[in-house]
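Visitor: The sequence shown begins at 91 in our numbering and counts up by one.
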Amino acid sequence: SLASEEATVRGRIDSVKNNKVPPRVFESYLEDFTKCLVPDSGIGSPLDVDEVRQLQNTPQQKARFKGCLGYLSETVDNKLKSFVKAEPYSSINDPRNITTMEPALTVMLSRYSLAFKQQILKNVPWYGPGLTPKKTAQ
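#1: Roughly how many whole angstroms lie between the Cα atoms of D167 and P215?
#2: Would the region 100-118 count as touching the region 180-200 if we require 3 or more Cβ pairs under 8 Å?
#3: State the DSSP-derived secondary structure class of V106, mapped to helix, strand or coil.
#4: Short check: CB of C158 to CB of P136, under 7 Å?
#5: Give me the DSSP bridge partner(s) of T190.
#6: Kindly list the residues whose CB is nearer than 8 Å to the CB of T226, restricted to its own chain and excluding five residues on each side of it in sequence; keep chain order.
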């Protein structure tokens with residue numbers, strides 16, 4: 091309903107919006123961080139589609155991959171679809187906006203995000219996905 095959509099925007103976007111402009115020195119922090127994380131820029135390469143397929147472990151990922159295999163290309167249109175999800179909560183909360191994108195685009199973007207994870211992120215000690223809580227705390 092329109093009321094749910096408006097509540098979603100008010101509660102999940104407007105109420106948490108931060109309009110504060112960071113100090114200019116933060117730009118140099120960003121540059122330093124990026125240079126430390128990716129010291130040799132421009133040399134990474136995406137995975138090929140078959141490598142992405144091999145990394146799709148869950149039934150949902152496998153089904154999504156299989157369903158779009160016939161129309162994978164470098165120029166996939168991103169047809170976003172959204173809906174407002176009203177969920178029962180123990181306390182009053184605003185409904186959530188759920189947005190999905192074309193499965194083929196998700197697969198093609200995974201060529202880059204998974205390559206970045208393998209080539210860069212897994213080499214830094216603070217990268218946390220896949221770590222146990224104990225390892226994360228250490």
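Even for Gly, the Cβ is constructed at its ideal location relative to N, Cα and C. What you are looking at is a predicted structure, and each value in this text was computed from that prediction instead of being measured.
Guide: This is what the structure gives:
#1: 36 Å
#2: Enough Cβ pairs lie closer than 8 Å, so yes.
#3: Correct three-state label for V106: helix.
#4: no
#5: K171
#6: G218
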